[in-house]
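*Asks:* Pasting a structure here, questions to come.
Residue numbers (this note's numbering): 576 to 765.
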């Protein structure tokens, strides 16, 4: 499989290997990746290629728009972009580009899990981040039983143990809402 250098460098592992093995002018060396099957690898780098192209377009558009901005306007825009990135990083599904959502949601569960494992193995943070957010989005409204089924986890609790866990979680959620550190600004609680 041949991939663009830009896509390959999205992987920190491949980026470090290229840095160590590639001298420049010659053809980049073949890098064997035996821990990831071919289908997953193709899917992974298809995503990386598309992501790289979209990032280039975004950067070009940004440069075009910034030509006439003052330094102050550029700093404000950069701060806005950083806060948008932080929002996405914290877990917002809404901030993920639509094409990424479509790509990831069109994978079956096995393919998505394989993609996430491969992204983790090759250290591709954006794929790992978006992939895990896709899983979180898929399970966010599921019951415990639905999540067990989704992840293929057998229920090894007795009904009594489950009831005890529910009661403990109910109490801890009530206790956390009554935290002794809660206060209303401007109100003297002494």
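Every residue, glycine too, gets a C-beta built ideally from N, C-alpha and C.
Predicted, not measured: the structure shown is a model, and the values here were computed from it.
Rounded to whole angstroms, what is the Cα-Cα separation between residue 680 and residue 709?
*Replies:* For residue 680 and residue 709, the distance between alpha carbons rounds to 7 Å.
*Asks:* From the DSSP output, in three-state form, read off residue 715 for me.
*Replies:* DSSP places residue 715 in coil when its eight states are reduced to three.
*Asks:* Whole angstroms is fine: what's the gap from residue 674's alpha carbon to residue 705's?
*Replies:* Distance between the alpha carbons of residue 674 and residue 705 is about 12 Å.
*Asks:* If you draw a straight line from the C-alpha of residue 577 to the C-alpha of residue 623, how long is it?
*Replies:* Each residue's alpha carbon lies about 13 Å from the other.
*Asks:* Residues in its own chain within less than 7 Å of residue 730 by CB, not counting five upstream and five downstream?
*Replies:* Once the five neighbours on either side are set aside, the close Cβ partners of residue 730 are 723.
*Asks:* Where do the N-terminal and C-terminal ends of the alpha helix (DSSP H) with residue 695 fall, by residue?
*Replies:* That run of the alpha helix (DSSP H) goes 684–697.
*Asks:* From residue 606 to residue 720, what does the alpha carbon distance come to, in whole angstroms?
*Replies:* Distance between the alpha carbons of residue 606 and residue 720: 42 Å.
*Asks:* Report buried or exposed for residue 728, applying the criterion of at least 16 other Cβ atoms within 10 angstroms of its Cβ.
*Replies:* Classification of residue 728: exposed, given that the 10 Å Cβ count is below 16.
*Asks:* Tell me whether residue 732 sits in a helix, a strand or coil according to DSSP, three-state version.
*Replies:* Note: residue 732 maps to coil in three-state DSSP.
*Asks:* Less than 8 Å between C-beta atoms, sequence neighbours within five positions excluded: which residues of the same chain meet that for residue 740?
*Replies:* Here the set comprises 732.
*Asks:* Terminal residues of the continuous alpha helix (DSSP H) containing residue 579?
*Replies:* Looking at the DSSP string, residue 579 is not in any alpha helix (DSSP H), and its letter there is neither H nor E.
*Asks:* For the alpha helix (DSSP H) containing residue 627, name the first residue and the last one.
*Replies:* Looking at the DSSP string, the run of the alpha helix (DSSP H) that includes residue 627 is 613–641.
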